[in-house]
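6 protein chains.
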Amino acid sequence: MDDRVHPEVRRTATEIDTMEIRGAATIADAAARALRTQATESDAADAEAFRAELRAAARTLHETRPTAVSLPNALRYVLRGMSSTTVEGLRQNVVDSADEFCARLERAQADLGQVGANRLRDGDTIMTHCHSTDALACVEAAVEQGKHIEAVVKETRPRNQGHITAKRLHELGVPVTLIVDSAARRYLNDVNHVLVGADAVAADGSVINKIGTSGLAVNARDRGTPITVAAQTLKLHPGTMTGHTVDIEMRDTAEVVDDETLAELGNPTVKNPAFDVTPPRYVDAIVTERGQFPPESIVILMRELFGEGTSEPWAEP
Amino acid sequence: MDDRVHPEVRRTATEIDTMEIRGAATIADAAARALRTQATESDAADAEAFRAELRAAARTLHETRPTAVSLPNALRYVLRGMSSTTVEGLRQNVVDSADEFCARLERAQADLGQVGANRLRDGDTIMTHCHSTDALACVEAAVEQGKHIEAVVKETRPRNQGHITAKRLHELGVPVTLIVDSAARRYLNDVNHVLVGADAVAADGSVINKIGTSGLAVNARDRGTPITVAAQTLKLHPGTMTGHTVDIEMRDTAEVVDDETLAELGNPTVKNPAFDVTPPRYVDAIVTERGQFPPESIVILMRELFGEGTSEPWAEP
Amino acid sequence: MDDRVHPEVRRTATEIDTMEIRGAATIADAAARALRTQATESDAADAEAFRAELRAAARTLHETRPTAVSLPNALRYVLRGMSSTTVEGLRQNVVDSADEFCARLERAQADLGQVGANRLRDGDTIMTHCHSTDALACVEAAVEQGKHIEAVVKETRPRNQGHITAKRLHELGVPVTLIVDSAARRYLNDVNHVLVGADAVAADGSVINKIGTSGLAVNARDRGTPITVAAQTLKLHPGTMTGHTVDIEMRDTAEVVDDETLAELGNPTVKNPAFDVTPPRYVDAIVTERGQFPPESIVILMRELFGEGTSEPWAEP
Amino acid sequence: MDDRVHPEVRRTATEIDTMEIRGAATIADAAARALRTQATESDAADAEAFRAELRAAARTLHETRPTAVSLPNALRYVLRGMSSTTVEGLRQNVVDSADEFCARLERAQADLGQVGANRLRDGDTIMTHCHSTDALACVEAAVEQGKHIEAVVKETRPRNQGHITAKRLHELGVPVTLIVDSAARRYLNDVNHVLVGADAVAADGSVINKIGTSGLAVNARDRGTPITVAAQTLKLHPGTMTGHTVDIEMRDTAEVVDDETLAELGNPTVKNPAFDVTPPRYVDAIVTERGQFPPESIVILMRELFGEGTSEPWAEP
Amino acid sequence: MDDRVHPEVRRTATEIDTMEIRGAATIADAAARALRTQATESDAADAEAFRAELRAAARTLHETRPTAVSLPNALRYVLRGMSSTTVEGLRQNVVDSADEFCARLERAQADLGQVGANRLRDGDTIMTHCHSTDALACVEAAVEQGKHIEAVVKETRPRNQGHITAKRLHELGVPVTLIVDSAARRYLNDVNHVLVGADAVAADGSVINKIGTSGLAVNARDRGTPITVAAQTLKLHPGTMTGHTVDIEMRDTAEVVDDETLAELGNPTVKNPAFDVTPPRYVDAIVTERGQFPPESIVILMRELFGEGTSEPWAEP
Amino acid sequence: MDDRVHPEVRRTATEIDTMEIRGAATIADAAARALRTQATESDAADAEAFRAELRAAARTLHETRPTAVSLPNALRYVLRGMSSTTVEGLRQNVVDSADEFCARLERAQADLGQVGANRLRDGDTIMTHCHSTDALACVEAAVEQGKHIEAVVKETRPRNQGHITAKRLHELGVPVTLIVDSAARRYLNDVNHVLVGADAVAADGSVINKIGTSGLAVNARDRGTPITVAAQTLKLHPGTMTGHTVDIEMRDTAEVVDDETLAELGNPTVKNPAFDVTPPRYVDAIVTERGQFPPESIVILMRELFGEGTSEPWAEP
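Line order of the protein sequences matches chains A, G, S, X, H and P.
Residue numbers for the first sequence follow my numbering, beginning at 19 and rising by one.
Residue numbers for the second sequence follow my numbering, beginning at 19 and rising by one.
Residue numbers for the third sequence follow my numbering, beginning at 19 and rising by one.
Residue numbers for the fourth sequence follow my numbering, beginning at 19 and rising by one.
Residue numbers for the fifth sequence follow my numbering, beginning at 19 and rising by one.
Residue numbers for the sixth sequence follow my numbering, beginning at 19 and rising by one.
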């Protein structure tokens, strides 16, 4: 690893890598803050060295989670602001951009929550998959609007992020029913909405989210249950506008089965993809802080936000 | 519990209840053998007392697993043979019927395996859910036919019966890929067949099988992957011919989450249904020892085997 | 009209024609009784004249409702029993057959009701279309089993037979919600079953029932709501085994709009088909007094009951 | 009711409420004219009082039909133009805005009609539901283009607005076949298009229209018949961009069944929802005066017309 | 090739192989006649030699077309009748069986034609794929019933058997529209039925027919057009009852592209499968000489005709 | 034909008409160059005569292929640039516009190819229909990215444009399997993408492409295989924004069957539509030189490029 990278940045990168830091907004926030630290702690001799340091820090962060689309968005946002020609000026640029980014980020989730809450009615029951703070924000806002909401929570193997969701919903006063992932179809006719988050949203309207989302969405459609994806615009993946597909991270097999058991089973291959891809025809609406959209129209919002070009500002020139 | 019931029968009942004995054929076999033990060990004074003992034993066994349709079928088979009027004669009746049942049962799976194997082609990859010796028999026969078969094995939360399947397939020389249940859809286009067993098959063509089967079947249909159910005729549920539905067993919540974690999550309700119901339109064929059938025609086979009447021979007159 | 036909038979024919007598079982019962009256009141000089009279009576009845499949079945049943060679003997044959038919008919609905009731669970809500005593028998039996059932009743334009259903359900203690036909989809996710009767069931598994049934069934499938058809075997249409289609009766346009209004609208064409055809893929089960069947297997039951041949016993030789 | 509100405005409000004034454009036109009358007849002492009067009038009108989305649009359009600081100036503002709105409204339907007519071919038969002047404008323009068009008209219980459609089509020289709502599926393969209007179109692409539209659309898709929605941009509901759902008006039960009959039926609950929601996947195109759009892209047109914000200009500050 | 086989049998085998003899009934008829010739021309010294000759002849015929299921059925029928112990007796057995088979075969198609004709209505238009005398028999019977039938005929690349169908329909007075295979979907909404034959029908309800049938059936379902398969019971494949799949013949690539063109294209691989498999869910009815059946119930008819066992009577003992 | 039109323009028109010039980009390029020739070779006396000549040339070209949407786009582009008031100035305008158009056109395909290539993964197999240089550009770019691509190529009756595709793919080093059109479904589960071009894309998201595309797309959806349409923005049809449908060219019947054969078949009607219409719900993405879009959002891109108006610049004023 590049020794210009500040230990704090490295620690952030490690925590993103090990999923101690998880959830798209949390990652983006941490990444922006890490770049801020790199900037404030830098002793670079000149502007060029400072810029190189920041690029190195951004690369270090970027390499931890290639599919966490919020990460490059945060990095782009902060690096894009570096317009000064002096070290001090650049340092201030980074601090300002990072602060702005984090402030904006914080408001985005609350705004998104309002939009999502408006889709819910008093007395509704939702079904969740994995843990998404965006999805949670919708429920929180609905509860604040005085609506009674209940939830069926899928545990979400292999890492059981559903437990976190169950706990947070309990704290909001939402009665929770916890089920294994395989039991979802059985309860789909008892719920009014499937409400999930997203790791990334592609230009063709596909939603990349925790493994199991697509199978749930297909069953929800079959049962007549609408499916809502809560995703800040931070999750819109600019690279997909030019046809790039999102690489699906293959995670450690130990999440699925421990080594001892594996040996007992004759050492089968284990495949542990972190995410899957839900086609737009199985999603009713994507809720963002800028309003709700059918997934087929999200590319137009992407064009508004990103234009048509793509390039990675952390690449060495 | 009725003290006329032999301790061996009680132990069998307990082992069925705790799932130490599991799989429909194993349960049926154990139940028939338990009745045989009850008969050989009986010191009943007269024929009536002997009959009452056997009914009591049958009831004890029957109450352990209301949805394990093979259990009442085994009990019916053995009790139906009791035509003698003396204790010794009845004892012999039970021994003969139980032996015949077990012999027939053993052959049934091999015959079913041949039928199922004929549906597989050399080089095929299958996807499995839960553990089914009927499904396994198809793979075993295919391997014996010289076909190379590979398998994607779903772990099958909450009890991970997929681990048993993985181990058995490994022993047959079948290369295995182990996945979490939520990853199934992602691999459905890579497999040629979904191959599962059944806990019961209903007269309306529905397949009752381990929770998660119906959601898998819906996704398999959506992906264009055929789904085969391997089920001996032992699994055909006579009560469903007169419209009875199959009660879905709700199992211990501790299988889903331990008490300590549960408390941390705010003690949500946990629902742990053992099975779900797959409508016939999502199943391509039911493979039995008497040939293969579309699920919509299985009721006609049931009429051949059971006629139209229903009554429980273990009920007190 | 043939003057050998008894006035009572003519009155029955008229009442069937004007729908004063309606519902397949009621029609069949009335037809059998009418033939019985024709026989008891006949003053035919010889056996041949008696037979000719009965054929004439049967033809008179048959011509009133070509799609009411129960009518020819009743006629076939009664005429088939005429084996004697004397007037008195034939008279007794007809009385015996008609009595037997009516007794059997009465029991059939109760048996069917038990099967249908077994499919319902305590607390279920059903949706009905038109008025069917077979469907009602299922609800009645369920209520007698101690189950709490609620109903959403479609009014069923143009003749509002849903009003009769609503009234009968009220008399059974079933809480009713009455809606216009167009509101059905909106309430489909709130009901557990769609439960309708049938005017006829065809060998290809199609269900011929009151206009609007097929559109309801398609929406029920789309919403994930199972659809059950309650139909005594009396409704199985033998002619369809040899490919005959069921002619759909076009009823009086005055049922749809009165003449004055019609003139105000510029005298549009009015089409008022009595029935439509629901393909088997939109029906989950057909409940009969002989058990339940997927619609795709009903042809096998027809072969059991009718064999392969068809001919009309009321035709002049 | 607020006594500042002019009797003419009250009468308009009443007529909207009782459906004497019906159809989205007619309502919007009446609302704009009512505000114009309020303005011309006002004797407000100062600008603030004038503004308060207009807000009161707008509130009075708005409260009559919460789902008639054209109503708030008309109110917004007229109130938005009030930029003067004097009573006379404001009066002129309102007169100008109302006149402009009405002129624009009148042209919109003709433009929409051209777009819709272009989708129809000479010899086409359409099926209609309810009465929509937007849909009618398409047919009228097609007829003016020299195309021969025929129509199957659903009567549209409970208020039989299909009768109005039948009459208007007759006046255009279009041969009409009138059917009950339940007969729609039977005739879907005989028509080339389903052509309906809309009460509102939501940001997620859903179409809110007369109860029965969604069930018709599902059947049209199943039959392979394209469905076109004719809806001026006036029907695009701005509140749905931020996730708000459209409340479905529950109308008087007497429209469904008179009180005497109701009593005879045992006084069942009657539910009489005025509208239902058709998801975008069952609609082929929304025809507006600005061109045709797949329903999934209509949110982008809404952003063009309304931006992202929402607030009710008739609320008291 | 075995020199005991009569040259006439060899010629028949060759003509089946080269598709000069084509169509399932024609093949079966020719095979039965070939065995008859083998029998009448045999100079076998003893019964055993005669039997061996017949087995050899049957094998020669059987090897020409493994998927033409009528071929083994004809062979089974004729060989099964060989009960005598003398050469003369066996010769007579074969002559009798072959004559009976051919007579029965001839009647079967006419009976099937009646059933299929009953499904058609006066004025119907059908769409055909490939050439099937069973399908043609339905049209012929309908024409004889006085119905006006029109046809859209797919040419059916690569061998253009649609041309034969077009010619035969023309001879029946049926107006024909000829199209390329790719144009089928465009005309599906203009036809009332898709009517095709079958090479084989499997126990799981699948229909094996000329390549292109399955793609047509999927589109017919999507367009709401019913699809009827005309197949004598001769086409029911007994081996599929025990799970065997039907091997799809891969035919000469020269049918697809000539060698010179192939070389110009860079010698791509050419794949020319003769048949494909249509799942039962895309077929509305199978019309046989014993009535019509939903494909899901055909296995029950197979059990009636063939029982459960399978063995090849032409195998050497 | 107008004698002001230059022979070169006439030759181009003829070559477009006879399909010597084929493929949307090639046509557009030829049309632009033809107008350039008309301009450079013109000896018009004044500006008005020059303009009239160019309009005449454009009309001559436009009339050859009404559905080849690229043709009017090219004509619009070149004619739109004519702003000068002198013959020399106008001549230069046309030369400049035509050169710019052709340059832009050339780059567009390469840019589109990059986007399409990004959707493909190393090792993917595609299925093609007809010949599309846009689709080919995607494969070419993928090959240049170092990806191994294989292809299943449909021959595309009646003109076998698949042969051209096969040849071009061979030249790119892509292994090709050639099949008849009817064999497509059989190989859909073996391919990763269906990749086709388009003749035109409509505002409602429909794709107009070579006859057979829609049937292929429906089967691809049924098999779970994604379908990508490669279409430069040149193919977006402005007239469809105002509801105009695209007329489908009916081509010479001799392409389907020669006259001699036709006579042998009894001279059936032959219908030879050049294109069909694929609804947007069967297309996953439209790949253009400006990025990829779900078909439902393409209307928004059309509004960006064309605005809302339509008029034909080659019409006489």
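For every residue, glycine included, the Cβ atom is placed at its ideal position computed from N, Cα and C.
- Within the region 302-321 of chain S, those residues whose Cβ lies closer than 7 Å to any Cβ of chain H are, in chain order, E314, S315, V317 and I318.
- A straight-line Cα-Cα distance of about 23 Å links P/A62 and P/A92.
- P/E124: not part of any beta strand (DSSP E); member of the alpha helix (DSSP H) spanning V105 to R137, first to last residue.
- Rounded to the nearest whole angstrom, the C-alpha separation of G/H166 and G/T143 is 9 Å.
- Residue-level contact by beta carbon fails for A/R51 and chain S, as no gap is shorter than 8 Å.
- For P/E282, the neighbours in chain H by C-beta distance under 9 Å run, in chain order, H181 and K185.
- At least 8 Å separates the beta-carbon of P/G215 from that of P/E314.
- Chain P has no Cβ within less than 8 Å of the Cβ of H/K165.
- Around P/N136, the beta-carbon contacts reaching into chain A at under 9 Å are G257, T258, T260, G261, H262 and T263.
- Not a single CB atom of chain H sits nearer than 8 Å to the CB of X/R299.
- In this structure, S/Q310 sits near G/G261, with a CB-CB distance shorter than 8 Å.
- Ranking P/T246, P/P312 and P/N227 by CA distance to the CA of P/V87 puts P/N227 first.
- Counting only residues of its own chain and dropping the five nearest sequence neighbours on each side, H/R109 has a CB closer than 6 Å to the CB of A57.
- Proximity of chain P to H/E173 at the Cβ level (cut-off 8 Å) is accounted for by R175, V274 and V275, in chain order.
- With respect to the 8 Å criterion, G/D208 and G/K172 are not classified as neighbours on the basis of their beta carbons.
- Per DSSP, reduced to three states, the secondary structure at G/L89 is helical.
- Residue range A303 to T306 is occupied by the beta strand (DSSP E) that includes H/T306.
- Going by DSSP, X/L196 is part of the beta strand (DSSP E) stretching over V194 to I197.
- Within chain H, the residues whose beta carbon sits less than 7 Å from that of P/D240 are V236, listed in sequence order.
- Using a Cβ-Cβ distance cut-off of 8 Å, the region 118-135 of chain P and the region 73-81 of chain P are not in contact, since fewer than three pairs of beta carbons, one from each stretch, lie closer than that value.
- Just measuring C-alpha positions, the residue of G/T44, G/R98, G/H181 and G/I45 sitting nearest G/R69 is G/R98.
- For S/A218, the CB contacts under 7 Å within the same chain, skipping 5 residues up- and downstream, are T85, V87, I226, K253, H255 and V264 in chain order.
- For X/D294, the enclosing beta strand (DSSP E) starts and ends at F293 to T296.
- Between X/E71 and X/R22, the C-beta spacing is below 8 Å.
- Per DSSP, the unbroken alpha helix (DSSP H) holding G/L280 starts and ends at D277 to E282.
- Taken in chain order, the members of the region 210-238 of chain A whose beta-carbon sits within less than 8 Å of a beta-carbon on chain P are A221, D222 and G223.
- Fewer than three pairs of CB atoms, one per stretch, sit closer than 8 Å, so the region 104-119 of chain P makes no contact with the region 38-45 of chain P.
- Looking at the backbone, the Cα of X/S115 and that of X/M100 are separated by about 8 Å.
- Between X/M145 and X/A235, the C-beta spacing is not below 8 Å.
- Looking only at H/T104, H/R175 and H/V133, the smallest Cα-Cα distance to H/V157 is reached by H/V133.
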